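Protein sequences appear in the order of chains U and D. Start counting the first sequence at 1; every next residue gets the next number (this note's numbering). Start counting the second sequence at 1; every next residue gets the next number (this note's numbering).
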Amino acid sequence: MAARIGVVVFPGSNCEHDAVEAVHALGGEADLLWHGDTSITGFDGVVLPGGFAHGDYLRPGAIARFSPVMRAVVRFAADGGPVLGICNGFQVLTEAGLLPGALQKNAGLKFLCTTVELEVVSTASVLTGAASVGQRLRVPINHFEGNYTCDEHTLATLRGDDRIVLRYVDNPNGSVDDIAGICNEGRNVVGLMPHPERACDPLLGSDDGAVLLRGFLAATGATVAAASTAAGSAL
Amino acid sequence: MTFDVLVEVRLRPGIADPQGSTIERALPVLGFDGITGVHVGKAIRFCIDATDEASARSEVDDLCARFLTNPVIEDAVVTLFEGDATDDRSPGTIPGTTVGGGATTAAGIGGEA
């Protein structure tokens, strides 16, 4: 049985279909969840996609955090369920307190829309389990508030507990310690600013994101269809 | 009792303020010299009903900590003023604040011109 992923749609989300397509291409099943849903029963994993949830009003993620579905996501995460926040989804996870730190405006005050190189720092997370440490991945970024920051104590904890999962090779936005993605203490909640779902097919310029999402599907504990475990280039 | 509330949300020291630094860099070009320390934040205005000022302040502080600011990167400065509960519930002018000429100019540009 293929992994069944719920992709949450907030008013203003705009990457939910990219996420659904990528999951399908990798052999998983995906359905959209509405932000007003109060239950996420029957899903093996949850993705909070990119976009501008609730218009990014007040702060990115600040209002999305109070959407009814987030209570269910918090419970799902507390029970060990895999949760992935991409871009705006990462911002929502920090606002919801599921991940530490915050995303501030990019150094240089520019919206960044480009492809960057990432380095896998830790494979002990629901996103990076199929990758290898030191592996370089070309993945797009598309954000204005992607400059990760946290206090020194939090940074020391993230480093000490091997919870920095991805770093930028050439830091594009000023993130502390070149951080592109982190995980929670249980390693089942991961947030990252780059968009792996937009790099799952060579036609899109890179399929390096597939190794990440394949790892996420595998981490759901369901058996991912054998066909999808072939190399990303076969997609 | 009704209180007018002004919450000023500011970036904490050490947090990058690219808007503030960009504005500051532009000032000499426009002929404004000697201006330093430009910071950009947010001003949030509302009315609140409470039994007294202490309970109003307590509720606003809670609101700031849980919603209006992200304590990782932002601080809030709260100004409370006992309002006169105007019919439309819009906050009055908080003493000590003034409406600058810029507001008038902006209204003129955006109006029926």
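A virtual CB, placed ideally from N, CA and C, is assigned to each residue, including glycine. None of these values were measured; they are calculated from a predicted model.
Which of the three DSSP states, helix, strand or coil, is assigned to residue i?
{"i": "R59/U", "result": "coil"}
{"i": "S67/U", "result": "coil"}
{"i": "G160/U", "result": "helix"}
{"i": "C113/U", "result": "strand"}
{"i": "E145/U", "result": "coil"}
{"i": "R12/D", "result": "coil"}
{"i": "A102/U", "result": "strand"}
{"i": "P18/D", "result": "helix"}
{"i": "C47/D", "result": "strand"}
{"i": "D62/D", "result": "helix"}
{"i": "F43/U", "result": "coil"}
{"i": "C87/U", "result": "coil"}
{"i": "P140/U", "result": "strand"}
{"i": "K42/D", "result": "strand"}
{"i": "L235/U", "result": "Caution applies to L235/U, whose pLDDT of 42 falls short of 50 and renders its modelled position unreliable; the value that the coordinates give is listed next. In the structure shown, L235/U sits in coil (DSSP, three-state: anything other than H, G, I, E or B)."}
{"i": "S125/U", "result": "coil"}
{"i": "F67/D", "result": "helix"}
{"i": "F32/D", "result": "coil"}
{"i": "L32/U", "result": "strand"}
{"i": "I5/U", "result": "strand"}
{"i": "S13/U", "result": "strand"}
Rounded to a whole number of angstroms, what is the C-alpha to C-alpha distance between residue i and residue j?
{"i": "E95/U", "j": "N88/U", "result": "11 Å"}
{"i": "G6/U", "j": "D4/D", "result": "43 Å"}
{"i": "A231/U", "j": "R59/U", "result": "Confidence at A231/U is low in this model, with a pLDDT of 41, below 50, so its placement is unreliable and no value can be given for it."}
{"i": "H195/U", "j": "S206/U", "result": "11 Å"}
{"i": "A102/U", "j": "I73/D", "result": "7 Å"}
{"i": "G12/U", "j": "F90/U", "result": "15 Å"}
{"i": "M1/U", "j": "D49/D", "result": "55 Å"}
{"i": "I62/D", "j": "L137/U", "result": "According to the sequence provided, residue 62/D is Asp. The question's Ile does not apply to it. Those two C-alpha atoms are separated by around 43 Å."}
{"i": "P172/U", "j": "L166/U", "result": "14 Å"}
{"i": "F76/U", "j": "A62/U", "result": "20 Å"}
{"i": "D87/D", "j": "F67/D", "result": "Only weak support exists for where D87/D lies, its pLDDT of 47 falling under 50; the value from the coordinates is given anyway. The straight-line gap from Cα to Cα measures roughly 27 Å."}
{"i": "P71/D", "j": "L98/U", "result": "15 Å"}
{"i": "P100/U", "j": "G31/D", "result": "43 Å"}
{"i": "V169/U", "j": "T79/D", "result": "45 Å"}
{"i": "T114/U", "j": "H143/U", "result": "10 Å"}
{"i": "L32/U", "j": "E16/U", "result": "8 Å"}
{"i": "T128/U", "j": "L93/U", "result": "18 Å"}
{"i": "G45/U", "j": "R187/U", "result": "13 Å"}
{"i": "P41/U", "j": "E21/U", "result": "Here the sequence assigns Thr to residue 41/U, which means Pro is not the residue at that position. T41/U and E21/U: Cα-Cα distance of roughly 21 Å."}
{"i": "M70/U", "j": "D33/D", "result": "49 Å"}
{"i": "F216/U", "j": "L158/U", "result": "20 Å"}
{"i": "R214/U", "j": "F81/D", "result": "56 Å"}
{"i": "S55/D", "j": "R4/U", "result": "48 Å"}
{"i": "G181/U", "j": "M193/U", "result": "7 Å"}
Could you pull out every residue in the same chain whose Cβ sits closer than 6 Å to the Cβ of residue i, ignoring the five residues on either side in sequence?
{"i": "G101/D", "result": "Bear in mind that the predicted position of G101/D carries a pLDDT of just 46, short of 50, making it too unreliable to give a figure here."}
{"i": "A43/D", "result": "E8"}
{"i": "F46/D", "result": "V5"}
{"i": "G108/U", "result": "none"}
{"i": "I23/D", "result": "V38"}
{"i": "F52/U", "result": "G12"}
{"i": "E197/U", "result": "D18, A19 and A22"}
{"i": "D75/D", "result": "R10 and R12"}
Suppose the cutoff is 8 Å on Cβ atoms and the five residues either side in sequence are ignored; what does the same chain contact list for residue i look like?
{"i": "S21/D", "result": "V38"}
{"i": "V239/U", "result": "Since the first and last residues shown for chain U are 1 and 235, residue 239/U lies out of range."}
Would you mind telling me which residues of chain D sit closer than 7 Å to residue i, beta carbon to beta carbon, in chain order?
{"i": "R71/U", "result": "Ordered by position in chain D, no residue passes the 7 Å Cβ test against R71/U, which lies about 15 Å from the chain."}
{"i": "Q104/U", "result": "I15, A16 and I73"}
{"i": "G108/U", "result": "P18"}
{"i": "C150/U", "result": "V72"}
Between which residues of its own chain and residue i is the CB-CB distance below 7 Å, once the five residues before and five after are set aside?
{"i": "V29/D", "result": "none"}
{"i": "Q104/U", "result": "E145, N147 and T149"}
{"i": "L27/D", "result": "I35"}
{"i": "D208/U", "result": "L137, R138, V139 and A199"}
{"i": "V176/U", "result": "Y148, T149, C150 and L155"}
{"i": "H54/U", "result": "F10, P11, G12, I63 and A64"}
{"i": "A57/U", "result": "Rather than Ala, the amino acid found at residue 57/U in this sequence is Tyr. Contacts found: I63."}
{"i": "A65/D", "result": "P71"}
Anything in chain D within Cβ reach of residue i, meaning under 8 Å, just list it in chain order.
{"i": "E95/U", "result": "N70"}
{"i": "C62/U", "result": "The sequence as given places Ala at residue 62/U; Cys does not occur at that position. Simply F67 and N70."}
{"i": "G174/U", "result": "A16"}
{"i": "N147/U", "result": "A16"}
If we cut at 9 Å on Cβ distances, does residue i have a partner in chain A?
{"i": "L58/U", "result": "In summary, chain A is missing from the structure at hand, where the protein chains are U and D."}
Within the region 178-221 of chain U, ranges of the beta strand (DSSP E) (whole runs, at least 3 residues): 179-183 and 189-192
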